[in-house]
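Novice: Those protein sequence lines, which keep their order, are chains A and B. Each residue of the first sequence is one higher than the one before, starting from 375 at the first, in our numbering. Each residue of the second sequence is one higher than the one before, starting from 1049 at the first, in our numbering.
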Amino acid sequence: MLRMKNVHKTFHPGSVNEKCALAGVDLTLKPGEFITVIGGNGAGKSTLLNIIAGVYPVDRGTIALDGVIINESREHVRAKYIGRVFQDPMMGTAASMTIEENLALALRRGRRRGLRWGVTKKERDYFRGQLAQLELGLENRLKSKVGLLSGGQRQALTLLMATLVRPKLLLLDEHAAALDPKTAVKVMELTDRIIRTQGLTALMVTHNMRDALKYGNRTVMMQDGKIILNLPEEKKKKTSVDDLLKMFEEVTGNTVNNDRMLLA
Amino acid sequence: MYFTIFLGTMEQGLLWALMVLGVYITFRVLNYADLTVDGSFALGGAVAARLILGEIDPWAATLVAFFAGGIAGLITGILHTQFKIAPLLSGILSMIALYSVNLRIMGKANISLLRLDTVITGVTRLGVEEKWAALVIGIGAAVLAVILLWLFLNTEIGFALRATGDNGQMIRSLGVNTNAMKILGLSMSNALVALSGALVAQYQSFADIGMGIGTIVIGLASVIIGEVIFGANSIMRTLAAVVLGSLVYRIVIAFVLQLGLEPTDLRLFTALIVTVALASPVLKAKVQRCFFLGRSETGAENEKCA
Chain A
375 MLRMKNVHKT FHPGSVNEKC ALAGVDLTLK PGEFITVIGG NGAGKSTLLN
425 IIAGVYPVDR GTIALDGVII NESREHVRAK YIGRVFQDPM MGTAASMTIE
475 ENLALALRRG RRRGLRWGVT KKERDYFRGQ LAQLELGLEN RLKSKVGLLS
525 GGQRQALTLL MATLVRPKLL LLDEHAAALD PKTAVKVMEL TDRIIRTQGL
575 TALMVTHNMR DALKYGNRTV MMQDGKIILN LPEEKKKKTS VDDLLKMFEE
625 VTGNTVNNDR MLLA
Chain B
1049 MYFTIFLGTM EQGLLWALMV LGVYITFRVL NYADLTVDGS FALGGAVAAR
1099 LILGEIDPWA ATLVAFFAGG IAGLITGILH TQFKIAPLLS GILSMIALYS
1149 VNLRIMGKAN ISLLRLDTVI TGVTRLGVEE KWAALVIGIG AAVLAVILLW
1199 LFLNTEIGFA LRATGDNGQM IRSLGVNTNA MKILGLSMSN ALVALSGALV
1249 AQYQSFADIG MGIGTIVIGL ASVIIGEVIF GANSIMRTLA AVVLGSLVYR
1299 IVIAFVLQLG LEPTDLRLFT ALIVTVALAS PVLKAKVQRC FFLGRSETGA
1349 ENEKCA
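(1) For residue 574/A, I'd like the list of residues in its chain whose CB is within less than 6 Å of its CB, leaving aside the five on either flank, ordered along the chain.
(2) Distance cutoff 7 Å, beta carbons only. Does residue 454/A sit that close to anything in chain B?
(3) Do residue 1113/B and residue 1085/B have their C-beta atoms closer together than 7 Å?
(4) Contact check, residue 479/A vs residue 1317/B under 8 Å by CB: the rounded distance?
(5) Using a beta-carbon distance cut-off of less than 7 Å, what residues from the region 469-481 of chain A approach chain B?
(6) For a test of the three-state rule: what should DSSP assign to residue 462/A, helix, strand or coil?
(7) Hey, residue 1089/B and residue 1213/B are a contact pair by Cβ (cut 8 Å); roughly how many whole angstroms apart?
(8) Just checking my contact of residue 1116/B with residue 1091/B at CB under 8 Å: how many whole Å lie between their CB atoms?
(9) Just the C-alpha distance for residue 1071/B and residue 450/A, rounded to the nearest angstrom, thanks.
(10) What residue does the beta strand (DSSP E) around residue 434/A start on, and which one ends it?
(11) Would you mind telling me which residues of chain B sit closer than 7 Å to residue 466/A, beta carbon to beta carbon, in chain order?
(12) Could you check whether the Cβ of residue 624/A sits closer than 7 Å to any Cβ belonging to chain B?
(13) Entirely within the region 585-627 of chain A and at least 3 residues each: give me those beta strand (DSSP E) ranges in chain order.
(14) Against chain B, does residue 638/A count as a neighbour if the rule is that its beta carbon must be under 7 Å from one of theirs?
(15) Tell me residue 1254/B's beta-bridge partners as DSSP assigns them.
(16) Counting only C-beta atoms, is residue 1203/B closer than 7 Å to chain A at any point?
(17) Mind checking residue 1132/B: buried by the 16 CB within 10 Å criterion, or exposed?
(18) Do you know how far the Cα of residue 447/A is from the Cα of residue 1244/B?
(19) Can you look up residue 382/A in the DSSP assignment and give me helix, strand or coil?
(20) Compare the C-beta of residue 549/A against all C-beta atoms of chain B and say whether one is closer than 7 Å.
(21) Nearest to residue 1192/B by CA position, among 1280/B, 1288/B, 1265/B, is which residue?
(22) If the cut is a Cβ gap below 7 Å, which residues of chain B does residue 427/A touch?
(23) Here's a check: name, in chain order, each residue in its chain whose Cβ is nearer than 8 Å to the Cβ of residue 1135/B, leaving out the five neighbours to either side.
(24) Just grab the DSSP bridge partners of residue 408/A for me.
(25) Using three-state DSSP, classify residue 1082/B as helix, strand or coil.
(26) Would the region 504-511 of chain A count as touching the region 416-423 of chain A if we require 3 or more Cβ pairs under 8 Å?
(27) Kindly list the residues whose CB is nearer than 7 Å to the CB of residue 1304/B, restricted to its own chain and excluding five residues on each side of it in sequence; keep chain order.
(28) With 7 Å set as the bound, which would you pick, yes or no: does the beta-carbon of residue 1214/B sit closer than that to a beta-carbon of chain A?
(29) Report the rounded CA-to-CA distance for residue 464/A versus residue 525/A, giving the unit in angstroms.
(30) Closest to residue 535/A by C-alpha separation, out of 523/A, 457/A, 597/A, would be which residue?
(31) Does the CB of residue 1224/B have a neighbour CB from chain A at under 7 Å?
(32) Please determine, among 1123/B, 1333/B, 1180/B, 1063/B, the residue with the shortest C-alpha to C-alpha distance to residue 1238/B.
(33) Between residue 559/A and residue 576/A, what straight-line distance do the alpha-carbon atoms span, to the nearest angstrom?
(34) Between the region 506-523 of chain A and chain B, which residues of the former have CB atoms less than 7 Å from a CB of the latter, in chain order?
(35) Can you look up residue 469/A in the DSSP assignment and give me helix, strand or coil?
(36) Of all Cβ atoms in chain B, is any one closer than 7 Å to the Cβ of residue 488/A?
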């Protein structure tokens, strides 16, 4: 499915702001695999997702999707295969457009857009059914502007939009981190349900160690632009948050000095 | 006499409304402050005037002006998307370049179209009374532009264009080439602006190298006035509001001129309207805070905000 080989990325090379974000990442996702990614601030988690999505080009290494190297293909071209949910609930939807307009945009991911109607009657009925599954009452608000929705509602909508056309790969970038704890749990459960029922291949970045262990079939930990730990499913089931912290210390020789990671 | 002034005001409002619709596309839909319009408005006038002077059919001349404007927008779009020049600067570069281009097209600073065939005399020949000819053209062009734009903004590409202005990152992740959308929007916008310039030149019977100066500010003033007075709930409503905003702007101008404002001070006045409109959210917040502090805090706080 996804195969990353020795991927490097440095921002602002040669300047005082030089920052090595990815220092040789190797990662392979099998079809149907759901991987959670944890790590402290600046570990390279978000860069990893952005580089897979094609927001930045890689400096070195290869990224292949289904055996095809996609290094050179641009973000909107890769979008054909990749669904994304961002950390900021504002990022995944167009606030000035209505719910149905946003969904119609998502329904055309990977398709050629022309001068046909932006949204049709048949699609509206389909959207109603899909929205009903979110159990947020959004199915009766197709004509509401998305800017009027709460962060949790917007994030649930973004999740639906990212999976409306089945993506080969779903990228989730701390998509519950900006929500209040109760809503975050709901959005995480919804995420898990969608990924399981559709059998999606997914990569989820999270700050929350408990979530990282609870969801998915594999957990990887990143530090300084490298993958430093790989927990396969059997091992993951037996691991607690405390174990994970200990493993982190063993691998890096440091104690975890990141408040957000500890508190999570 | 008042009727003549009123009629003239309506005519101007409608003919300039096409330009305002163009500014709406960039400023509101694409969220891009495009200064090309000062150049492309005059470009439309220059192209139409020069072709009409060369005895080309005025309708064809107007159509050529429309496409010339589209090319101007295309160039601004390429400067911004391919060479990563900031939006404001891309527009300024096109605007300045167009000044020379327009002089080249006209061959001089001013072309008179008196006693030449224009689209306005063309309408008269179709049996419309001379008095109403400009109004008929204005209404026809504005209504047609609003309907076509409404249809377009509700197509798949129209959705993609709106989403590009709203949230570029999001729509790229849904497979849209935002650079292409920006170029498309800028082209459409400047084509409309040039069309407006072409019609205005024929309406006033001359094209002038300076006719575009301040166009962007008039456009912004009209868009903002329209949205504030007539609302911006839906696309159709906003498009209509923007056209009505152009009319209201002309009425305001006619009114202050009647009150004795010097015509040379008009641009200062227009700039003031736009400044007040753009500053109003901040001013409102300040006034509210003062009001709030005045009621709940001590006198010292009051002095601070005074």
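In this text, a Cβ means the ideal position worked out from N, Cα and C, and glycines have one as well. Predicted model only: the values in this text are computed from it and were never measured.
Specialist: Taking the structure as given:
(1) Locating residue 574/A in the first sequence gives position 200, where the first residue counts as 1. If we look at residue 574/A and ignore the five residues flanking it on each side, its Cβ neighbours are 544.
(2) The residue given as residue 454/A occupies position 80 in the first sequence. True, the Cβ-Cβ gap to chain B drops below 7 Å.
(3) Counting from 1 along the second sequence, the entry for residue 1113/B is found at position 65. Counting from 1 along the second sequence, the entry for residue 1085/B is found at position 37. Residue 1113/B places its beta carbon 7 Å or farther from that of residue 1085/B.
(4) Counting from one through the first sequence, the residue named residue 479/A turns up at place 105. Counting from one through the second sequence, the residue named residue 1317/B turns up at place 269. The beta-carbon distance between residue 479/A and residue 1317/B, rounded to whole angstroms, is 41 Å. This is too long to meet the 8 Å contact definition.
(5) Those would be 469, 470, 471, 475, 478, 479, 480, in chain order.
(6) As a first step, residue 462/A is located in the first sequence; it is residue number 88 there, counting from the start. Note: residue 462/A maps to coil in three-state DSSP.
(7) Your numbering for residue 1089/B matches position 41 in the second sequence. Your numbering for residue 1213/B matches position 165 in the second sequence. Not quite, the Cβ-Cβ distance comes to about 22 Å (not below 8 Å), so this is no contact.
(8) Numbered from 1 along the second sequence, position 68 holds the residue referred to as residue 1116/B. Numbered from 1 along the second sequence, position 43 holds the residue referred to as residue 1091/B. Confirmed, Cβ separation roughly 6 Å.
(9) If you number the second sequence from 1, residue 1071/B lands on position 23. If you number the first sequence from 1, residue 450/A lands on position 76. If I take the Cα positions, the gap works out to 27 Å.
(10) The residue given as residue 434/A occupies position 60 in the first sequence. Boundaries of the beta strand (DSSP E) around residue 434/A: 434-439.
(11) Counting from 1 along the first sequence, the entry for residue 466/A is found at position 92. The contacting residues are 1218.
(12) Position 250 of the first sequence, counting from 1, holds the residue named residue 624/A. With a threshold of 7 Å between beta carbons, residue 624/A makes no contact with chain B.
(13) The qualifying runs are 592-597, 600-605.
(14) Against the first sequence, residue 638/A aligns to sequence position 264. Confidence is the limiting factor: at residue 638/A the pLDDT is only 49, short of 50, which leaves the residue's position unreliable and the question unanswerable from this model.
(15) Walking along the second sequence from the start, residue 1254/B turns up at place 206. Bridge partners of residue 1254/B: 1160/B.
(16) The count along the second sequence starts at 1 and reaches residue 1203/B at position 155. For residue 1203/B, a Cβ of chain A is located within less than 7 Å of the residue's own Cβ.
(17) Indexing the second sequence from 1 puts residue 1132/B at position 84. By the 10 Å Cβ count, residue 1132/B comes out exposed.
(18) Taking the first residue of the second sequence as position 1, residue 1244/B is located at position 196. Taking the first residue of the first sequence as position 1, residue 447/A is located at position 73. Straight-line spacing of the CA atoms in residue 1244/B and residue 447/A works out to 40 Å.
(19) For this step, residue 382/A is matched to residue 8 along the first sequence. Reduced to three states, the DSSP call for residue 382/A is strand.
(20) The residue you call residue 549/A lines up with position 175 of the first sequence. Not one chain B Cβ lies under 7 Å of residue 549/A.
(21) In the second sequence, the residue the question calls residue 1192/B occupies position 144. Checking every option, the nearest Cα to that of residue 1192/B belongs to 1288/B.
(22) The residue labelled residue 427/A in the question sits at position 53 within the first sequence. Going along chain B in sequence order, the residues near residue 427/A (Cβ under 7 Å) are 1221.
(23) Residue numbering aside, residue 1135/B sits at position 87 when the second sequence is read from its first letter. Excluding positions up to five away in sequence, the list reads 1080, 1081, 1082, 1128.
(24) Here residue 408/A refers to the residue found at position 34 when the first sequence is read from its first residue. The partner list for residue 408/A (beta bridge, DSSP) reads 576/A.
(25) As a working note, residue 1082/B is residue 34 in the second sequence. Three-state result, residue 1082/B: coil.
(26) Verdict: no, contact absent.
(27) Locating residue 1304/B in the second sequence gives position 256, where the first residue counts as 1. Answer for residue 1304/B: 1317, listed in chain order.
(28) Here residue 1214/B refers to the residue found at position 166 when the second sequence is read from its first residue. Cβ-Cβ to chain A under 7 Å: yes for residue 1214/B.
(29) Reading the first sequence from its first residue, position 90 is the one you call residue 464/A. Reading the first sequence from its first residue, position 151 is the one you call residue 525/A. Each residue's CA atom was taken as its position, placing residue 464/A and residue 525/A some 8 Å apart.
(30) Looking up residue 535/A in the first sequence gives position 161. Closest in C-alpha terms to residue 535/A, from the list 523/A, 457/A, 597/A, comes 457/A.
(31) Indexing the second sequence from 1 puts residue 1224/B at position 176. Using a CB distance cut-off of 7 Å, residue 1224/B counts as an interface residue toward chain A.
(32) Stepping through the second sequence from its first residue, residue 1238/B is reached at position 190. Among 1123/B, 1333/B, 1180/B, 1063/B, the Cα nearest to that of residue 1238/B belongs to 1123/B.
(33) Taking the first sequence and counting its residues from 1, one reaches residue 559/A at position 185. Taking the first sequence and counting its residues from 1, one reaches residue 576/A at position 202. When only Cα atoms are considered, residue 559/A and residue 576/A end up about 18 Å apart.
(34) Of all residues in the region 506-523 of chain A, none has a C-beta nearer than 7 Å to a C-beta of chain B.
(35) The count along the first sequence starts at 1 and reaches residue 469/A at position 95. In the three-state reduction of the DSSP assignment, residue 469/A falls in the coil class.
(36) Against the first sequence, residue 488/A aligns to sequence position 114. So, interface residue.
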